[in-house]
Amino acid sequence: MDCQYVPLSKIGQFSSLFLDYITRKDSLQPFYSRFPDLASFEQQIKNRSFDQQRRQVLVDSLERQYQHIDNKPDFSRLLQPNTFVVTTGHQLNIFTGPVFVIYKLVTTINLAKRLKEAYPDYDFVPIYWMASEDHDFAEINHFTLFGKHYAWQTEQRGAVGRMNPAELKALFRQIPEKLTLFENAYLQHTTLADAVRYYVHELFGKEGLLSLDADDASLKRIFAPIMRDELFNHKSSELVQQQTQRLTDLGYKTVITPRDINLFFLNDQLRERLERLDDGRFRVVHTKQYFTEDDLVKLLDEHPEQFSPNVVLRPLYQETILPNLAYIGGPSEIPYWLQLKGVFDHYQTPFPILMPRNFAMYVPAVSAKRIHKLGLMPEDLFADEVSLKRQFIEQHTAHALRFDKENVQVNKALDGILHKATVVDPTLERAVLAETKRFANAVARLEKKLRRAEERNQETGIRQLLAVKHELFPNGGMQERTENFLTFQLNDKAFLQKLLTVFDPFDFRMQLCLES
């Protein structure tokens, strides 16, 4: 696999906040702790102590969650004070969802390996934080394979990790390919969380990747003091708003908006916001469930699993229950973490190093040969179709398609005409300038006709060019946000191993992976 690279600033897909972060703009330094380079991890390790009792709770939880997994990992290493984790998280998209989810997992695995090489006295475990409590089913119920869209329809509600995936049996009848791994995952497990853990372990267990389901009473109990403070003091909203205002003052658009209470009430078939009413009671939004303060205190003590942090508190929850050094996220995740530094400082919790995931575009051999034949540079592929065609035509034409030299001569003559006319009658200036403008428009029209004619002459090359563009940018979007990894894995069984070989977690560029 031949790899070529394009700066993310040339892609035209990312926010200025994200781009300024990865280029280490000075004004953003107060919004994070350490920049994601290898040297920063030395100090991050020294400052990241973790309570032994919490390590034991984590290991016990993982033991329970993996109890039905064959060849389950040895979790005891997490009990050692010199063991740390690096973490990524994502929703439980069916069949893994877009291929960038796989890229996040591979980046996390490779980061753990690089850290072990650099700091051999420590151990580093890659963690996949399963967003099992998320309730936005529409974001996870579909995937695209070989350009065809497949979707899971269900009447189930609430946290997606608790849903039964048995209904996916109907989807397997629609998919021409035999997908044994996913059939075993979805049809032999009673919850989506268990199914995802199974196939992630099958895909990456040998690489040391662990999947954690934080929808767990014992883990929530560790976080309960912060949740109690959130219910009654609403501190996180104020802190996030302060950081958001500072970012806004710097000219950035922010991602998340905090609530007064950044917790959901969670049970089977339900995950809804909690809000405080004027009479002091609490209500579960869109229901008739109400609580007094005493009710919530008792519920939090006895059943902390019935409270679920939203996007504002989930990162803090993660860092409370994991000996984590870094979070690997995408171009929309990194910016919202930058809004949260004040919350971490308030609760005296170390802020993780924010690592961008690897970005990639997989180019099959046929398209790779066409790219070489057409003489395209990697950054050319990210131009819009109109610009791409114009650039291609101008690079490959044997003719001059602009009248630049002629315009210089004509404009000189027109200046002479204008001078002569105004000497005779100054009121003729407007008429001469109008004719000059009409002439310029006529030249522009002729240039367009020349380009169209040359486009017809280069029809074969342009057709091949657009075929490559459409394959690599399905429906005009980024490949990594549309295609499923199986589109490539089914044609190349070594696809995942190749990613593990070529991805560098410290290279923040778009990587074109060209097959030979």
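Going left to right, the sequence shown walks through residues 4 to 519 as the numbering used here numbers them. Heads up, the beta-carbon is just placed ideally off N, CA and C, and yes, glycines get one too.
| Contacts around PHE491, its chain only, beta-carbon distance under 6 Å, and the 5 residues preceding and following it disregarded | As a working mapping, residue 491 is identified with position 488 in the sequence shown. Excluding positions up to five away in sequence, the list reads TYR365, PHE498.
| For THR247, which beta-bridge partners are listed by DSSP? | Here residue 247 refers to the residue found at position 244 when the sequence shown is read from its first residue. None, per the DSSP bridge assignment.
| request: Please report how far the alpha carbon of ILE225 lies from the alpha carbon of GLN59, in whole angstroms. | output: Mapped onto the sequence shown, residue 225 falls at position 222. Mapped onto the sequence shown, residue 59 falls at position 56. Rounded to whole angstroms, ILE225 to GLN59 spans 12 Å at the Cα level.
| Between the beta-carbon of ALA134 and the beta-carbon of ASN144, is there less than 8 Å? | The sequence position of residue 134 within the sequence shown is 131, counting from 1. The sequence position of residue 144 within the sequence shown is 141, counting from 1. Cβ atoms of ALA134 and ASN144: not closer than 8 Å.
| Are the region 297–307 and the region 13–20 in contact at 8 Å, needing three or more beta carbon pairs? | The answer is no - the region 13–20 does not touch the region 297–307, with fewer than three Cβ pairs under 8 Å.
| said: Considering only the alpha carbon of each residue, which of THR193, LEU250, ASP137, ILE25 lies closest to LEU266? | reply: Against the sequence shown, residue 266 aligns to sequence position 263. Among THR193, LEU250, ASP137, ILE25, the Cα nearest to that of LEU266 is on ASP137.
| task | For ARG274, collect the residues of the same chain with a Cβ closer than 7 Å to its Cβ; drop the 5 residues on either side in sequence, then sort them by chain order. | result | Residue 274 sits at position 271 when you count from the first residue of the sequence shown. GLU136, HIS138, GLY161, ALA162, PHE267, SER311, listed in sequence order.
| message | Between which two residues does the beta strand (DSSP E) holding GLY332 run? | response | Here the question's residue 332 lines up with position 329 in the sequence shown. In the DSSP assignment, GLY332 falls within the unbroken beta strand (DSSP E) covering 327–332.
| message | Per the DSSP calculation, GLY92 is bridged to which residue(s)? | response | As a first step, residue 92 must be located in the sequence shown, where it is residue number 89. Per DSSP, TRP132.
| Candidates ARG200, LEU384, PHE21, ARG448, of which the one nearest GLY333 by Cα | The residue given as residue 333 occupies position 330 in the sequence shown. Per the Cα distances, PHE21.
| Which whole-angstrom value is the C-beta distance of LYS238 and ASP232, which I expect to be below 8 Å? | Taking the sequence shown and counting its residues from 1, the one referred to as residue 238 is at position 235. Taking the sequence shown and counting its residues from 1, the one referred to as residue 232 is at position 229. At roughly 6 Å, the Cβ-Cβ gap stays under 8 Å, so LYS238 and ASP232 are in contact.
| query | Do LEU95 and ALA196 have their CB atoms nearer than 8 Å? | reply | Here residue 95 corresponds to residue number 92 of the sequence shown, with the count starting at 1. Here residue 196 corresponds to residue number 193 of the sequence shown, with the count starting at 1. Yes.
| query | Which word fits PRO123, buried or exposed, when buried means at least 16 other C-beta atoms lie within 10 angstroms of its C-beta? | reply | Residue numbering aside, residue 123 sits at position 120 when the sequence shown is read from its first letter. Exposed, because fewer than 16 other Cβ atoms sit within 10 Å of the Cβ of PRO123.
| Reference THR157, options LYS151, LEU148, LEU171, GLY164, closest by Cα | As a working note, residue 157 is residue 154 in the sequence shown. Answer by Cα proximity: LEU171.
| request: Measure the alpha-carbon distance for HIS93 versus ALA329 and round it to whole angstroms. | output: Residue numbering aside, residue 93 sits at position 90 when the sequence shown is read from its first letter. Residue numbering aside, residue 329 sits at position 326 when the sequence shown is read from its first letter. Whole-angstrom Cα-Cα distance: 15 Å.
| Quick one, are the C-beta atoms of THR90 and ILE48 less than 8 Å apart? | Indexing the sequence shown from 1 puts residue 90 at position 87. Indexing the sequence shown from 1 puts residue 48 at position 45. Not in contact: THR90 and ILE48 (Cβ atoms no closer than 8 Å).
| field | Closest Cα partner of PRO179 within the set PRO367, VAL102, THR147 | value | Looking up residue 179 in the sequence shown gives position 176. Looking at the Cα atoms, THR147 is the closest of the given residues.
| query | Going by beta carbon distance, what residues of the same chain come within less than 7 Å of ARG466, once the five residues before and after it are set aside? | reply | Mapped onto the sequence shown, residue 466 falls at position 463. Same-chain partners within the cutoff: there are none.
| If you run the structure through DSSP and keep just helix, strand and coil, what is LEU215? | For this step, residue 215 is matched to residue 212 along the sequence shown. Strand.
| message | With DSSP as the reference, identify every bridge partner of GLN1, one or two as the case may be. | response | Residue 1 lies beyond the range of the chain shown here (4 to 519); nothing can be said about it.
| message | Strictly by DSSP, which residues pair up with PRO33? | response | Counted from its first residue, the sequence shown places residue 33 at position 30. Answer is none; PRO33 lacks a bridge partner.
| field | Close Cβ partners of THR193 (< 7 Å) along its chain, the five nearest in sequence each way excluded | value | By 1-based counting over the sequence shown, the position of residue 193 is 190. Counting only residues of its own chain and dropping the five nearest sequence neighbours on each side, THR193 has a CB closer than 7 Å to the CB of ASN167.
| request: Report all residues from its chain with a CB closer than 8 Å to the CB of GLN394; omit the five preceding and five following residues, and keep chain order. | output: Mapped onto the sequence shown, residue 394 falls at position 391. Correct list, in chain order: ASP383, ALA386.
| So is ASN543 buried or exposed if we call it buried at 16+ other beta carbons inside 10 Å? | Nothing about residue 543 can be read from this structure; the chain reaches only from 4 to 519.
| task | Can you check the region 124–192 for any beta strand (DSSP E) of at least 3 residues that lies completely inside it and give the ranges in chain order? | result | The region 124–192 contains these whole beta strand (DSSP E) runs: 126–133, 145–148, 151–154.
| Secondary structure of TYR339, DSSP reduced to three states | Taking the sequence shown and counting its residues from 1, one reaches residue 339 at position 336. DSSP places TYR339 in helix when its eight states are reduced to three.
| query | From CYS516 to LYS107, what does the alpha carbon distance come to, in whole angstroms? | reply | Taking the first residue of the sequence shown as 1, we reach residue 516 at position 513. Taking the first residue of the sequence shown as 1, we reach residue 107 at position 104. Straight-line measurement puts the Cα of LYS107 at about 16 Å from the Cα of CYS516.
| Nearest to ARG165 by alpha carbon, out of VAL199, GLU142, ARG176? | By 1-based counting over the sequence shown, the position of residue 165 is 162. The shortest Cα separation from ARG165 among VAL199, GLU142, ARG176 belongs to VAL199.
| Which residues share a DSSP beta bridge with TYR293? | Start at 1 with the first residue of the sequence shown, and residue 293 comes out as number 290. ARG286.
| CA-CA distance, LEU431 and LYS451? | Here residue 431 corresponds to residue number 428 of the sequence shown, with the count starting at 1. Here residue 451 corresponds to residue number 448 of the sequence shown, with the count starting at 1. Take the alpha-carbon of LEU431 and the one of LYS451: they are about 31 Å apart.
| DSSP state of PRO477, grouped into three classes? | If you number the sequence shown from 1, residue 477 lands on position 474. Reduced to three states, the DSSP call for PRO477 is helix.
| Where does PHE488 land, buried or exposed, given buried means 16+ other C-beta within 10 angstroms? | Counted from its first residue, the sequence shown places residue 488 at position 485. With 16 or more other Cβ atoms within 10 Å, it is buried.
| query | Can you name, in chain order, every residue of its own chain whose Cβ lies under 6 Å from the Cβ of LEU215, other than the five neighbours on each side? | reply | Taking the sequence shown and counting its residues from 1, the one referred to as residue 215 is at position 212. Taken in chain order, the residues that qualify are ILE130, TRP132.
| message | I'd like to check one pair, PHE362 with VAL109: are the Cβ atoms closer than 8 Å? | response | Your numbering for residue 109 matches position 106 in the sequence shown. Your numbering for residue 362 matches position 359 in the sequence shown. For the pair VAL109 and PHE362, the CB atoms are not nearer than the 8 Å cut-off.
| query | Can you tell which of ALA169, GLN177, ASN74, LYS392 has its C-alpha closest to the C-alpha of GLU210? | reply | Translated into positions along the sequence shown, residue 210 becomes position 207. Selected option, being the one with the closest Cα: ASN74.
| task | Go ahead and label MET380 buried or exposed: buried means 16 or more other beta carbons lie within 10 angstroms of its beta carbon, across all protein chains shown. | result | Position 377 of the sequence shown holds residue 380. Exposed, by the Cβ-count rule.
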